[in-house]
Each structure stands twice: as structure tokens, then as C-alpha cells.
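Asks: Each residue of the sequence shown is one higher than the one before, starting from 46 at the first, in our numbering.
Ideal Cβ placement from N, Cα and C applies to all residues, glycine included.
Given the structure is predicted, the values throughout are model-derived calculations rather than measurements.
So that we are looking at the same thing, I have put the structure below in C-alpha cells.
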Amino acid sequence: MSTSRKAPATESFDSSPFNRPITKVAVVGGTHGNEYTGVWCIKAIEHQRQQLNKNNKSKSSAAVNVFEQFPTLDIQTLLANPRAYMENKRFVDTDLNREFSKEKLRKVVIDETVMEECDIRNEFCSEDDDGINSNGGSNGALTYEAVRAREIESLLGPKFTEDTEGDASSSSSCENPATDVVIDLHTTTTNMGISIIIPEGDPLMAAAAAYVMQKCRERYGEDGVQCCMHALPKREDRLNLSSCGRHGFTIEVGPTPQGVIRHDVVEKTEAAMHALLDFLHLRNLELQNSDNANASPSVLDQLEQTYPSGIVPCYRSAPAVRPGELSGKISWPNDPANPNFPALMVHGSVQDRDFEPLRVGDPLFVTLDGTVVPYDGSHGEEVHLIFVNEGGYYYESSGTGIGVAVKSQFDWQTGWFLVESDDEGGAIEEVILEEKDSYE
């Protein structure tokens with residue numbers, strides 16, 4: 046058996062995106078309103094900005110001031126879901142991080158004049174004094190998060206090109222959105238440690254993820270950080286907020302309760318974020334000084350030293366099969382009286398064991414009478430569980446259940462998963478079976 050690269054990128058390694066400077070960076074907190082760590086981090090960034098601008102002299106007391114440390118980057122912040130944040134809720138009506146499909150965005154009409162006059166980065170703008178959506182009530186039947194998603198897309202994007210003759214399916218993702226990189230900060234109630242989540246097929250973000258993993262492992266150990274890659278190479282197929290930018294990068298840290306700010310979790314989140322900003326800034330400097338023969342080894346050279354084969358370990362998430370999912374899950378049935386209350390309890394043997402293997406026959410759930418329900422192989426003989434008993438996944442609109450992944454690898458120079466090949470050169474793809482309703 047040998048390892049080969051899957052679907053090589055259409056661009057060579059020496060061409061864009063590695064040779065395209067990154068300027069506009071958006072750091073997002075509060076996509077889920079009760080994940081306070083991300084909100085703390087963006088507030089800290091804005092505090093650093095104020096301290097740096099005070100009398101044009103004062104220096105921030107922060108250990109890292111992102112504006113001093115990474116001056117080639119134009120860093121802006123975004124409070125994604127201000128209303129849910131104020132109410133300490135994951136969302137008001139629906140999960141904001143599932144609202145960025147073409148079908149959903151095109152249903153929302155926004156008033157561009159209002160957008161220009163309103164602080165979209167911190168406020169919900171499509172509302173009049175009576176609490177009714179603007180534009181004469183044209184958005185009245187839509188959820189709050191649906192309208193807020195369109196506001197965000199108008200600020201960070203556009204995500205999509207214009208339709209051709211009204212055909213929504215004919216459009217593709219916009220190649221030149223207003224934002225180069227969207228960094229979305231999340232927390233989880235599960236034992237995921239520092240988890241970096243990127244899409245397949247984005248070589249710049251793959252290289253950045255490899256760099257962030259290296260830096261975080263130096264500080265938190267080999268098991269302190271993992272990379273999860275979604276098999277969604279096309280931006281137009283992604284439902285999440287970070288897909289509004291040209292590149293998307295999600296940082297997820299846990300465990301921490303919802304609605305709680307923990308110092309250690311903030312530190313881990315900032316460590317990953319600063320490593321990402323460091324990668325982008327160093328690459329910008331290298332592009333600016335490309336003619337300097339005496340320049341120190343590039344950040345890409347460092348990656349080649351850390352990963353001599355170009356191969357980086359990761360977890361490949363299962364494909365989404367139900368509404369509300371960014372990736373596939375082993376779902377549980379819900380209580381008939383409450384769609385957000387599970388009818389099965391996660392078994393103690395898998396609790397807090399994120400990234401560990403689960404095999405057919407292993408305990409998975411427990412019924413009300415104490416009966417153990419084993420894993421039935423619905424996603425393969427052996428899988429690795431992620432987001433085990435995540436509090437946010439009790440909600441139907443977020444996709445209920447436990448995340449599923451398999452161990453994998455990617456090539457940081459192309460951003461593509463690797464596949465195993467047999468001795469005769471035939472490709473053997475990793476397979477995750479489509480979910481069946483085996484626990485209903």
C-alpha cells in the first residue's frame with residue numbers, strides 16, 4: 046500500500062494563493078450567542094486597538110497586541126449574532142452558522158442605505174423602531190438569523206456571483222469578496238481541546254492549519270490540538286459563516302460550559318488565533334521582500350522542515366446528510382414532547398473521549414430503563430467520535446447527535462485529502478457510509 050495525493054489543485058504551488066498577499070482579515074465572535082469566549086477575544090482586540098490609538102503613543106499592556114504584532118494585516122472584528130449574545134442563547138430562531146447557502150441568502154432583501162448607516166459589525170440593522178424587519182416587511186416571514194446572515198454576507202462577501210437569468214443554480218462563489226480570511230471563534234462543551242476546522246481544497250488554509258498545529262503543539266503537547274477537515278472543496282456548498290470570505294478558518298476550543306468565560310480556554314483560543322495571524326503576516330512580509338537574497342527561511346520552508354513529506358495528520362468529518370448539519374452525525378431520537386431533548390443518553394464509556402475510536406458493538410447510548418445501545422456500524426466498522434455530547438447539538442436546527450470522523454491526512458501544499466493506493470496503483474478511498482436511522 047502507498048499514499049498518493051488526491052485531486053491535485055489546478056494551480057501550481059508557486060502561484061496564487063501562496064503568492065497573493067492577505068490584507069483583509071475578519072475575526073468573528075458570537076456566531077453562537079452563548080459561546081462567550083469568541084466575544085471576549087474580539088472585545089480584547091478592539092481594546093488593543095483603542096490602547097494603540099490613544100494619543101497615537103500609548104502601547105497596549107496586552108501580551109500580544111495584534112495591531113503591533115501583525116501590521117501587514119487589516120484586522121476587523123464582527124459580533125455575529127448580537128441579539129443571541131445579549132440573551133445568552135445559541136440562537137434566537139435558527140442556527141446562524143447554517144444560514145449561508147445560496148438558497149437562503151437569496152430570499153433576503155436588505156436596504157443598502159440602512160447597511161451603510163448602521164454598524165453591522167456590532168448591531169442587527171434590518172429592523173425599524175417597531176421591531177419589524179425593514180424593506181416594508183418583505184423579510185417578515187424569515188427568521189432573525191436568516192436576515193442577520195444576509196447582513197453579514199453583505200459585509201464580508203459577497204459569497205456568490207450574480208445569478209444568470211434568475212437561475213440560482215448557475216451561480217458560483219465570488220472570487221473577490223471584501224474579506225480575504227474569516228476567522229470564526231467557537232467553543233464546545235466537549236473534550237475537543239484546540240480543534241482547527243478547515244475545508245478541503247484550500248491550500249493556503251491547509252498550510253496555515255499545519256503551522257497553527259505546530260505552534261500549539263509546542264505549547265500544549267501533541268494531543269492538545271487536532272485538525273478536522275470538511276470534504277467541502279467548493280465554497281458555494283458550505284453553509285457556515287466563514288465561507289463568506291475567500292478563505293475560512295474556524296477555531297473551536299473545549300471543554301467549556303455555554304455562557305461561561307474561562308481563562309484557560311481564552312488563552313488557548315488566542316494562541317491558535319495568534320499563530321494563524323502570525324502565519325499570514327510572515328507570508329505577507331516574505332512576499333514584500335521576495336527579492337532579498339539574505340532573507341531568513343520562509344514560513345513555507347519551516348513547514349517543509351516540520352512536515353518533510355508534505356503530509357499532515359487530520360480527521361476527515363463524515364458528509365452531512367440531514368438539514369442543520371455541517372458534517373455527518375450519529376443522530377439520536379428525540380423526546381416526542383420536545384425536539385431538543387434526546388430520547389437516548391450518551392454512554393459513559395464514550396463521554397469525553399473525543400477523537401478516540403468507536404467500533405461496531407461498543408456501547409454508545411443508554412435508554413431510560415438502562416439498556417445499553419451499541420454502535421451498529423452505520424458509519425463504518427470503526428470511526429472516531431467528535432463533539433461527543435455537544436450541548437449545541439441538542440438543538441434540531443444545529444443537527445442533533447454526535448459527530449463522526451475517520452483518521453486521515455492532507456497535503457498542506459494542495460489542501461487535498463490523501464488516499465491510499467494498492468500495489469497496482471488503484472485508489473482506495475476512505476469511506477464513511479451514509480447515515481441510517483438505526484437508533485430511531
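Give the secondary structure of Ile120 by DSSP, where H, G and I count as helix, E and B as strand, and everything else as coil.
Replies: As a position in the sequence shown, residue 120 is number 75, starting the count at 1. DSSP places Ile120 in strand when its eight states are reduced to three.
Asks: Using only the alpha-carbon positions, how far apart do Glu427 and Val433 sit?
Replies: As a working mapping, residue 427 is identified with position 382 in the sequence shown. As a working mapping, residue 433 is identified with position 388 in the sequence shown. One C-alpha to the other measures close to 16 angstroms.
Asks: Alpha carbon to alpha carbon, how far is Thr117 from Leu330? Give it in angstroms, no decimals.
Replies: Here residue 330 refers to the residue found at position 285 of the sequence shown. Here residue 117 refers to the residue found at position 72 of the sequence shown. Leu330 and Thr117: Cα-Cα distance of roughly 8 angstroms.
Asks: Find the nearest neighbour of Tyr256 within the set Gln347, Tyr440, Thr445, judged by alpha-carbon distance.
Replies: Against the sequence shown, residue 256 aligns to sequence position 211. When each option's Cα is compared against that of Tyr256, the closest is Gln347.
Asks: Quick check on Val270: does DSSP put it in helix, strand or coil?
Replies: Position 225 of the sequence shown holds residue 270. It is a strand residue.
Asks: Expressed to the nearest angstrom, what Euclidean distance is found between the alpha-carbon atoms of Pro127 and Ser335?
Replies: As a position in the sequence shown, residue 127 is number 82, starting the count at 1. As a position in the sequence shown, residue 335 is number 290, starting the count at 1. About 42 angstroms.
Asks: Based on the DSSP output, what are the partners of Pro384 in its beta bridges?
Replies: Along the sequence shown, one-based indexing puts residue 384 at 339. The partner list for Pro384 (beta bridge, DSSP) is empty, contrary to what the question assumes.
Asks: Tell me whether Thr234 sits in a helix, a strand or coil according to DSSP, three-state version.
Replies: If you number the sequence shown from 1, residue 234 lands on position 189. Looking at Thr234 - three-state DSSP - the assignment turns out to be coil, as it is neither helix nor strand.
Asks: Taking the runs of the alpha helix (DSSP H) that are 4 residues or longer, which of them lie wholly in the segment 300–346?
Replies: Correct list: 308–333.
Asks: Within this structure, are the beta carbons of Val357 and Trp457 separated by less than 8 angstroms?
Replies: As a first step, residue 357 is located in the sequence shown; it is residue number 312 there, counting from the start. As a first step, residue 457 is located in the sequence shown; it is residue number 412 there, counting from the start. Cβ atoms of Val357 and Trp457: closer than 8 angstroms.
Asks: Is it the case that the segment 218–236 contacts the segment 69–80, given that we only count it when at least three CB pairs across the two stretches are under 8 angstroms?
Replies: Cβ pair count under 8 angstroms is three or more, so yes.
Asks: If you compare alpha carbons, which of Ser362, Val310, Cys261 is closest to Pro454?
Replies: Here residue 454 corresponds to residue number 409 of the sequence shown, with the count starting at 1. The identity of residue 454 in the sequence shown is Gln, whereas the question assumes Pro. The shortest C-alpha separation from Gln454 is found at Ser362.
Asks: Which runs of the beta strand (DSSP E) spanning at least 3 residues fall entirely within the segment 388–454, listed in chain order?
Replies: Listed in chain order, they are 402–404, 408–411, 417–419, 427–431.
Asks: I need the straight-line Cα distance from Phe462 to Cys163, nearest angstrom please.
Replies: By one-based count along the sequence shown, residue 462 stands at place 417. By one-based count along the sequence shown, residue 163 stands at place 118. Their Cα atoms are separated by approximately 42 angstroms.
Asks: Tell me whether the beta-carbon of Glu245 lies closer than 8 angstroms to the beta-carbon of Gly444.
Replies: Numbered from 1 along the sequence shown, position 200 holds the residue referred to as residue 245. Numbered from 1 along the sequence shown, position 399 holds the residue referred to as residue 444. Taking 8 angstroms as the Cβ cut-off, Glu245 and Gly444 do not qualify as a contacting pair.
Asks: For Pro358, which three-state DSSP category applies?
Replies: Residue numbering aside, residue 358 sits at position 313 when the sequence shown is read from its first letter. Reduced to three states, the DSSP call for Pro358 is strand.
Asks: According to DSSP, is Ser179 helix, strand or coil?
Replies: The residue you call residue 179 lines up with position 134 of the sequence shown. Because Ser179 carries a pLDDT of 40, less than 50, the predicted location of this residue cannot be relied on, and no value is offered for it.
Asks: Only counting the same chain, and skipping five residues up and downstream in sequence, which positions put a Cβ closer than 8 angstroms to that of Phe324?
Replies: Here residue 324 refers to the residue found at position 279 when the sequence shown is read from its first residue. Ala252, Ala253, Tyr256, Val257, Val344.
Asks: One question on the structure: do Glu196 and Ile155 come within less than 8 angstroms of each other, judged by their Cβ atoms?
Replies: In the sequence shown, the residue the question calls residue 196 occupies position 151. In the sequence shown, the residue the question calls residue 155 occupies position 110. It is a contact, given that the beta carbons lie within the stated cut-off.
Asks: Cα-Cα, which of Ile87, Val109, Asn110 is closest to Gln121?
Replies: Translated into positions along the sequence shown, residue 121 becomes position 76. When only C-alpha atoms are compared, the closest one is Ile87.
Asks: Where does Glu168 land, buried or exposed, given buried means 16+ other C-beta within 10 angstroms?
Replies: For the purposes of this step, residue 168 is taken as the residue at position 123 of the sequence shown. It counts as exposed.
Asks: Given this structure, state the Cα-to-Cα distance separating Glu207 from Arg143, to the nearest angstrom.
Replies: The residue given as residue 207 occupies position 162 in the sequence shown. The residue given as residue 143 occupies position 98 in the sequence shown. About 21 angstroms.
Asks: Spell out the partners DSSP gives Gly74 in its beta bridges.
Replies: Locating residue 74 in the sequence shown gives position 29, counting from the first residue. In the DSSP output, where bridge partners are listed per residue, Gly74 has Leu124.
Asks: Return yes when the Cβ of Val137 is within less than 8 angstroms of the Cβ of Glu172, no when it is not.
Replies: Here the question's residue 172 lines up with position 127 in the sequence shown. Here the question's residue 137 lines up with position 92 in the sequence shown. No.
Asks: Can you find the residues in the same chain that come closer than 8 angstroms, C-beta to C-beta, to Val305, ignoring five residues on each side of it along the sequence?
Replies: Residue numbering aside, residue 305 sits at position 260 when the sequence shown is read from its first letter. Answer for Val305: Tyr81, listed in chain order.
Asks: Whose C-beta lies closer than 8 angstroms to the C-beta of Asn379 among residues of the same chain, with five residues either side of it excluded?
Replies: Taking the sequence shown and counting its residues from 1, the one referred to as residue 379 is at position 334. Closer than 8 angstroms at the Cβ level, and outside the excluded window around Asn379, lie Asn385, Phe386, Pro387, Ala388, Glu441, Thr445.
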